[in-house]
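**Student:**
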Amino acid sequence: MKDTFKHKGLRQQLVNVIKAKGIADKNVLDAIGSIPRHLFMDSSFLDHAYQDKAFPIGADQTISQPYTVAFQSELLQVKPGDKVLEIGTGSGYQCAVLCKLGAKVYSIERQQELFKKTSKFLPKLGYRAKKLIFGDGYKGLPEEAPFDSIIVTAGAPFVPKPLLSQLKIGGRLVIPVGDDVQMMTLFVRKGPKEFEQHEYGEFRFVPLLEDKN
728 MKDTFKHKGL
738 RQQLVNVIKA
748 KGIADKNVLD
758 AIGSIPRHLF
768 MDSSFLDHAY
778 QDKAFPIGAD
788 QTISQPYTVA
798 FQSELLQVKP
808 GDKVLEIGTG
818 SGYQCAVLCK
828 LGAKVYSIER
838 QQELFKKTSK
848 FLPKLGYRAK
858 KLIFGDGYKG
868 LPEEAPFDSI
878 IVTAGAPFVP
888 KPLLSQLKIG
898 GRLVIPVGDD
908 VQMMTLFVRK
918 GPKEFEQHEY
928 GEFRFVPLLE
938 DKN
């Protein structure tokens, strides 16, 4: 499948839509404008690839709404070279946005089917995460910590403590917290045990899966 002028035009329209909704970070807008989202989706949804909507990607997961991806990315304040942990690789679209922003991305996926698919697919498109891991996102990735920022791309009923502890001082955790509807929450680590918390309104995400074993 190709990335055509038509796709590029549709992406530009999408950028205008999310800009109108309040996304102002030029780097984030450029990333959304350059990544071929239609390649991350099932062919039956191709016509909808550049609408500002979430769509199913298999394994009961979705590719997030572009506005949500942009909103979370903007909250992270990624700088080139930042070490970023992503919980929930999913389709790989958010991971591609982070790579485009210059981050060194470590991404964890709990669904084996998605993990296998995305591990092959992302490098083919030229988006190289530092590491893609099949595992339990609730535990984070202690062996690679600390991180400049951590992004959770599924709804967590509570904030996993390991994620807070794996942030650098000054690091940012962006996580949707709640059961049915999630509150987009930002934690900024101010000291070893001190965190500043900000809330940014309600969003809907698929649940973050935990390994019960």
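Heads up: the sequence shown begins at 728 in our numbering, then just goes up one per residue.
We put the beta carbon where it would ideally sit given N, CA and C, even for glycine.
(1) Is the Cβ-Cβ distance between Q838 and S791 less than 8 Å?
(2) The beta strand (DSSP E) that contains S876, what's its start and end?
(3) In or out: V955 buried (at least 16 other Cβ within 10 Å) or exposed?
(4) Spatial neighbours of Y854 within its chain, please: C-beta separation below 6 Å, excluding the five flanking residues on both sides.
(5) Taking the C-alpha atoms as reference points, what is the distance between V915 and P884?
(6) Can you tell me where the alpha helix (DSSP H) holding K851 begins and where it ends?
(7) So the candidates are D809, S800, T789; which of them puts its Cα closest to the Cα of A960?
(8) Step through the CB atoms of chain D and report whether any lies within less than 8 Å of the CB of D757.
(9) For the candidate residues K920, V904, K917, V933, whose alpha-carbon lies nearest to that of Y927?
(10) What does the alpha-carbon distance come out to for the pair Q851 and M768?
(11) Quick check on F778: does DSSP put it in helix, strand or coil?
(12) Using 10 angstroms around the beta-carbon of P869, count the other beta-carbons present and answer buried if the total reaches 16, otherwise exposed.
(13) Let me know if S770 comes out buried or exposed under the rule of 16 or more other beta-carbons within 10 Å of its beta-carbon.
**Tutor:** So, from the listed chains and residues:
(1) no
(2) 874–879
(3) Since the displayed the chain opens at 728 and closes at 940, residue 955 lies outside it and no answer follows.
(4) A823, C826
(5) If I take the Cα positions, the gap works out to 19 Å.
(6) 839–852
(7) Any property of residue 960 remains undetermined from this structure, which presents the chain solely from 728 to 940.
(8) This model lacks chain D altogether, as it is built from one protein chain only.
(9) V904
(10) Per the sequence shown, the amino acid found at residue 851 is Lys instead of Gln. Straight-line spacing of the CA atoms in K851 and M768 works out to 15 Å.
(11) Note on identity: in this sequence residue 778 is Gln, with Phe being the wrong assignment. Here Q778 sits in coil by DSSP.
(12) exposed
(13) exposed
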